[in-house]
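Engineer: Got a structure here, written out as structure tokens. Questions coming.
Number of protein chains: 2
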Amino acid sequence: MNIWGMFSLRVCMGLARHRTSLCTRSLCTVSGMTVSQIDEEVAKLLQLKAQLGGDDGKHQFVLKTAKGTRDYNPKQMAIREKVFSTIVNCFKRHGAETIDTPVFELKETLTGKYGEDSKLIYDLKDQGGELLSLRYDLTVPFARYLAMNKITNIKRYHIAKVYRRDNPAMTRGRYREFYQCDFDIAGQYDPMIPDAECLKIVHEILSELDLGDFRIKVNDRRILDGMFAVCGVPDDKFRTICSTVDKLDKMSWEDVRCEMVKEKGLSEEAADQIGEYVSMQGGQDLAERLLQDPKMSQSKQAVAGLTDMKQLFSFLQLFQVTDKVVFDLSLARGLDYYTGVIYEALLTQTGPIPAPAAAATEQNGAGGDEGSVSVGSVAGGGRYDGLVGMFDPKGRKVPCVGVSIGIERVFSILEQKAEASAEKVRTTESQVMVVSAQKNLLEERLKLTAELWNAGIKAEVMYKKNPKLLSQLQHCEDSGIPLVAILGEQELKDGVVKLRTVASRDEVDVPRAELVEEIKKRTSLV
Amino acid sequence: MNIWGMFSLRVCMGLARHRTSLCTRSLCTVSGMTVSQIDEEVAKLLQLKAQLGGDDGKHQFVLKTAKGTRDYNPKQMAIREKVFSTIVNCFKRHGAETIDTPVFELKETLTGKYGEDSKLIYDLKDQGGELLSLRYDLTVPFARYLAMNKITNIKRYHIAKVYRRDNPAMTRGRYREFYQCDFDIAGQYDPMIPDAECLKIVHEILSELDLGDFRIKVNDRRILDGMFAVCGVPDDKFRTICSTVDKLDKMSWEDVRCEMVKEKGLSEEAADQIGEYVSMQGGQDLAERLLQDPKMSQSKQAVAGLTDMKQLFSFLQLFQVTDKVVFDLSLARGLDYYTGVIYEALLTQTGPIPAPAAAATEQNGAGGDEGSVSVGSVAGGGRYDGLVGMFDPKGRKVPCVGVSIGIERVFSILEQKAEASAEKVRTTESQVMVVSAQKNLLEERLKLTAELWNAGIKAEVMYKKNPKLLSQLQHCEDSGIPLVAILGEQELKDGVVKLRTVASRDEVDVPRAELVEEIKKRTSLV
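Protein chains in written order, with my numbering: chain A, 54 to 579; chain B, 54 to 579.
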């Protein structure tokens with residue numbers, strides 16, 4: 054490949070990856086290469102790279118984490134654990150069990166599930182065994198688990214990391230390794246009951262996390278398909294037109310229309326009819342109105358979806374969550390596997406983080422339809438009644454509905470909140486520090502500390518023979534340890550320990566035999 | 054490569070991987086190929102495999118998890134979470150913070166840290182970016198984290214999965230994806246204080262997990278090196294002889310001696326002298342005796358190690374854990390990076406699982422020196438004062454000591470215990486199920502359930518319009534839900550809910566306004 058070919062290839066890859074809204078995307082064919090030609094060239098380049106020392110460890114070592122990933126320091130972990138605890142408590146309140154699956158799956162398990170996003174899957178190197186890929190979401194492994202174990206009924210949550218070779222934008226909470234918190238209900242039930250519970254869960258979690266106001270958009274794939282049918286979209290263009298509609302959260306209608314007509318060959322008339330529908334938002338009333346709509350009522354699909362939408366809203370009223378839920382005909386979500394209700398929750402206050410682009414939030418949603426979520430999106434999901442059947446040797450279906458909480462953006466918001474707040478985040482739970490002011494009391498300090506450990510008290514001791522009192526007290530201040538147990542010759546003689554409250558600097562002698570009870574009493578109030 | 058070449062290569066790889074104790078290992082050079090020739094051939098084979106459809110998804114799809122990995126079902130998760138909670142509570146009791154690191158690291162971060170076990174590292178496919186590998190343990194990422202963030206003092210725990218392309222033996226708790234629970238103390242402190250705390254932690258955790266009797270072996274790399282020196286092992290053979298000594302837990306002394314002499318070229322005299330030392334076991338007394346040993350006392354290294362060993366035992370006495378700790382000169386551990394004290398804990402009852410070979414337990418230990426652990430080993434670790442310096446651009450050292458609890462075998466034991474026990478493992482925490490005996494009460498059931506959820510009660514409801522009372526009650530029996538809230542026309546009229554205790558079948562009418570309190574009261578006792 055010549056330099057110009059190389060350059061245009063790079064530019065085009067950049068454009069494609071950024072999902073630019075320009076209608077000029079078709080430029081990408083300029084290089085005149087087929088996919089397989091590109092693959093070939095890429096392989097050559099990689100080979101070249103390897104020859105240049107990519108693999109021999111002899112070049113300058115860079116001290117960093119892999120691109121798009123990060124460590125969590127103790128403060129970040131404290132925040133993360135608080136968020137997880139809120140979410141897990143909610144999942145448990147709703148009677149969910151939990152499962153875990155391996156971080157990698159057979160490559161073929163993931164094949165054909167993610168559409169064009171499949172290019173973002175991390176593959177493992179073929180080291181002579183099975184071909185493996187890192188999981189891209191938790192939904193496909195869940196479906197594989199159900200099929201493999203012939204499970205037809207389960208309500209489970211799964212909190213774990215997933216992996217996408219995406220363009221990271223880490224300051225905006227967008228990573229290549231990130232957490233998903235999934236809750237799914239599998240089983241054959243009466244319409245819209247589990248679906249409504251999923252929305253109730255989103256409502257509970259977002260309320261409890263206290264991230265500011267939010268909105269939950271709902272729609273139904275059958276309503277979208279019915280709408281496409283009555284607007285005159287050819288059957289074989291449903292999915293691709295759906296993908297374009299999906300971009301309405303970050304592109305103007307004009308650009309979306311342009312893509313439909315110019316790129317995807319839809320008639321202007323059909324596009325304009327779609328345009329009318331996708332501008333509609335409402336509640337149960339809108340579902341009722343559309344059921345009366347002369348065109349929509351022609352489509353069996355649409356009528357089924359709208360009838361269920363009405364039912365869904367009546368359950369949501371019982372759950373008292375309709376204040377945040379909007380039936381929005383522009384919501385499409387990218388993934389192929391949705392078959393019914395779909396939804397997406399977004400924060401409506403931009404909050405402390407500037408949210409300059411949808412890029413910040415593309416990682417949410419049960420299934421990683423990265424193109425489908427909008428600014429501030431923190432959860433997404435829907436019904437996928439066909440996915441388990443794709444794994445079952447006999448194609449037996451297990452209806453499923455679920456929701457995925459995309460937690461990285463929530464972490465970012467809470468991290469910034471914590472930094473802005475005067476309150477200190479504690480990273481340990483230590484209740485007491487065993488110290489001495491005098492020399493040569495290491496053994497006595499260790500002995501007392503072990504007594505406390507054995508009694509279940511969270512205790513620290515400094516690993517020095519003769520530490521300074523001040524540095525021991527300073528450690529308590531720094532790490533928020535509320536109590537200090539001070540040992541000295543006199544205390545040892547008297548059979549007491551001087552117990553100091555760090556905040557008030559009060560000190561009181563406590564008989565050694567009563568120390569454990571006294572620490573428990575005081576720290577249960579802290 | 055001809056068929057015979059191929060065959061012998063396979064055989065040799067198999068032999069190497071199984072670490073056979075036969076002295077016939079040198080057969081491995083029979084094929085006459087260099088490593089790079091092998092690499093080349095392997096690449097060709099992989100290419101061939103790909104051409105044969107390895108990558109195109111068209112062959113028969115197999116519904117399974119990747120080799121050496123497993124899903125955790127809800128019951129297994131319930132056990133796993135109980136074990137983790139015991140371990141985390143212990144780590145927190147000792148004042149540890151927690152961190153997290155990405156599941157993959159730059160390949161070069163792992164390079165040169167694991168010696169010959171490096172072949173077991175999972176690499177990611179080069180998809181055009183950085184070269185990445187899955188983490189092999191949590192120790193190297195920890196050291197990388199310290200160097201990268203210039204942290205010189207921290208006490209942290211980290212519980213996460215690590216990855217090794219090892220020969221799985223899953224029924225015996227040996228996997229390719231498995232958990233490690235690591236606790237490490239980094240910082241410049243007075244000798245043996247943090248080291249003693251690590252051993253105290255192992256003692257606490259193994260006692261609390263109630264897995265039967267256990268033993269903790271300790272030794273020191275400096276004692277080993279000193280011993281090698283005074284026994285006449287040439288300097289450049291210390292590490293390789295150390296690796297051979299490390300096999301004493303699964304090979305007889307005769308086989309170890311044979312490997313030293315025949316394979317590694319050690320003199321018979323030196324081997325016999327080593328043989329005398331490595332048969333020694335004891336406590337503080339042994340350390341004292343060896344300090345008087347005419348040969349050992351010649352080595353500065355040995356004297357330093359023995360002096361520290363004496364000190365260590367005096368701290369362990371204060372901690373009251375010497376009943377389980379043995380100073381054992383045959384303990385070597387495989388990893389290069391240990392610089393001082395090393396230890397390893399093993400269960401001394403074989404327990405419910407037949408433990409036919411060390412293979413069952415090779416995955417434990419801070420650093421995965423798979424060759425070094427013995428039958429029943431469940432924890433290992435030691436001091437590694439040089440590892441952080443390998444990452445620091447200026448080579449600044451941060452002394453570290455830590456322990457890794459290898460939890461998979463513990464899971465296996467507890468799983469089998471749970472299966473043998475009559476007691477049922479609950480997989481949800483649901484407190485109450487909202488049911489009705491009559492038809493057409495779905496809305497009322499949902500409304501009451503939402504009231505309970507909003508009050509923080511863990512409540513379930515069946516997703517059916519008109520479920521049978523019996524099937525609702527059966528679900529409670531099956532999943533251990535202790536209470537049932539029954540709604541009927543009469544109860545609705547009277548403003549009450551019939552609250553049924555599943556175990557006793559007692560029923561009592563509770564005013565609706567008092568239901569939440571009543572459920573809380575009853576389930577806090579359950």
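Note that CB positions come from ideal geometry on N, CA and C, so glycine has one too. Keep in mind it's a predicted model, so treat the numbers as computed, not measured.
Looking at the C-beta of B:M362, does it have a partner C-beta in chain A at a distance below 8 Å?
Structural biologist: no
Engineer: If we count Cβ pairs, one from each stretch, closer than 8 Å, do we get three or more for the region 262-277 of chain A versus the region 388-399 of chain A?
Structural biologist: yes
Engineer: Relative to the alpha-carbon of A:N186, which residue among B:E504, B:D176, B:T205 has its alpha-carbon at the smallest distance?
Structural biologist: The residue you asked about is not Asn; residue 186 of chain A is Ser in the sequence shown. Here the closest residue by C-alpha is B:D176.
Engineer: Using DSSP's beta-bridge definition, name the partner residues of B:E150.
Structural biologist: B:R209
Engineer: Taking three-plus beta-carbon pairs below 8 Å as touching, is the region 508-521 of chain B in contact with the region 466-486 of chain B?
Structural biologist: With three or more CB-CB distances shorter than 8 Å, the region 508-521 of chain B counts as touching the region 466-486 of chain B.
Engineer: Residues of chain A with CB closer than 7 Å to the CB of B:S483, please, in chain order.
Structural biologist: What B:S483 touches in chain A, judged by beta-carbon distance under 7 Å, is G148, going in chain order.
Engineer: Does the beta-carbon distance from B:V331 to B:A324 come in below 8 Å?
Structural biologist: no
Engineer: Could you spell out the range, first to last residue, of the alpha helix (DSSP H) harbouring B:G442?
Structural biologist: 440-444 is the span of the alpha helix (DSSP H), which, as asked, contains B:G442.
Engineer: Any Cβ of chain B within less than 8 Å of the Cβ of A:E530?
Structural biologist: no
Engineer: Rounding to the nearest angstrom, what Cα-Cα distance links B:K208 and B:E250 in this structure?
Structural biologist: C-alpha separation (whole angstroms): 11 Å.
Engineer: Tell me which residues share the same chain as A:V378 and place their Cβ nearer than 7 Å to its Cβ, disregarding the 5 neighbours each side in the sequence.
Structural biologist: L252, I269, V271, L369
Engineer: Which residue comes first and which comes last in the alpha helix (DSSP H) that contains A:F395?
Structural biologist: The identity of residue 395 of chain A in the sequence shown is Ile, whereas the question assumes Phe. Premise fails: A:I395 lies in the beta strand (DSSP E), 394-400, not in any alpha helix (DSSP H).
Engineer: Kindly indicate which three-state DSSP category A:A556 falls into: helix, strand or coil?
Structural biologist: Taken through DSSP and simplified to helix, strand or coil, A:A556 comes out as coil.
Engineer: Along the chain, where does the beta strand (DSSP E) containing B:I238 start, and where does it finish?
Structural biologist: 230-239
Engineer: Who are the neighbours of B:A200 on chain A, taking C-beta pairs under 9 Å?
Structural biologist: Near B:A200 (Cβ distances below 9 Å), the residues of chain A are L116.
Engineer: Is the Cβ of B:C234 closer than 8 Å to any Cβ of chain A?
Structural biologist: no
Engineer: If you draw a straight line from the C-alpha of B:L80 to the C-alpha of B:S296, how long is it?
Structural biologist: Because B:L80 carries a pLDDT of 32, less than 50, the predicted location of this residue cannot be relied on, and the following value inherits that uncertainty. Looking at the two C-alpha atoms, the distance is approximately 20 Å.
Engineer: Hey, A:V431 and A:V463: beta-carbon distance below 8 Å or not?
Structural biologist: At the C-beta level, A:V431 and A:V463 come within 8 Å of one another.
Engineer: Whose Cβ in chain B lies nearer than 7 Å to the Cβ of A:N126?
Structural biologist: I152
Engineer: Pick out whichever of B:S465, B:L540, B:S474 has its Cα sitting closest to the Cα of B:E496.
Structural biologist: B:L540
Engineer: What do you reckon, are the CB atoms on B:P155 and A:A222 nearer than 8 Å?
Structural biologist: Cβ atoms of B:P155 and A:A222: not closer than 8 Å.
Engineer: Give a yes or no on whether 8 Å exceeds the smallest Cβ distance from A:D243 to chain B.
Structural biologist: yes
Engineer: Could you have a look at B:M201 and say whether DSSP puts it in helix, strand or coil?
Structural biologist: The DSSP-derived three-state label of B:M201 is helix.
Engineer: Taking 8 Å as the CB-CB cut-off, is A:A410 touching chain B?
Structural biologist: Below a pLDDT of 50, predicted positions are generally treated as unreliable, and A:A410, at 36, falls in that range; no measurement from the model is reported.
Engineer: Taking beta-carbon pairs under 8 Å, can you tell me which members of the region 166-184 of chain A lie near chain B?
Structural biologist: Y175, D176, L177, K178, D179, Q180, G181, G182, E183, L184
Engineer: For A:E580, which residues in chain B fall below 9 Å Cβ to Cβ?
Structural biologist: Here chain A covers residues 54 to 579 and nothing more, so residue 580 of chain A does not appear.
Engineer: Residues of chain A with CB under 7 Å from B:M223, in chain order?
Structural biologist: Within chain A, no residue comes near B:M223; the closest Cβ sits about 12 Å away, beyond 7 Å.
Engineer: Return helix, strand or coil for B:N272, following the three-state DSSP convention.
Structural biologist: strand
Engineer: Determine, using beta carbons only, whether B:F444 comes closer than 8 Å to chain A.
Structural biologist: yes
Engineer: Identify the contact partners of A:E468 in chain B, using a Cβ-Cβ distance below 7 Å as the criterion.
Structural biologist: Residues of chain B passing the Cβ test: none, with the nearest at roughly 14 Å.
Engineer: At a CB-CB cut-off below 7 Å, which residues of chain A make contact with B:V156?
Structural biologist: V156, K214, E230
Engineer: Threshold first: 4 residues or longer. Then list the alpha helix (DSSP H) segments lying entirely within the region 287-349 of chain A, N to C.
Structural biologist: Counting only runs of 4 or more, we get 291-298, 306-311, 321-331, 337-345.
Engineer: Classify A:R217 as buried or exposed, calling it buried when 16 or more other Cβ atoms lie within 10 Å of its own Cβ.
Structural biologist: buried
Engineer: Any beta carbon of chain A sitting closer than 8 Å to that of B:P287?
Structural biologist: no
Engineer: Within this structure, are the beta carbons of A:D248 and A:R498 separated by less than 8 Å?
Structural biologist: no
Engineer: Going by alpha carbons, who is nearest to B:D124 out of A:L173, A:H211, A:T205, A:S138?
Structural biologist: A:H211
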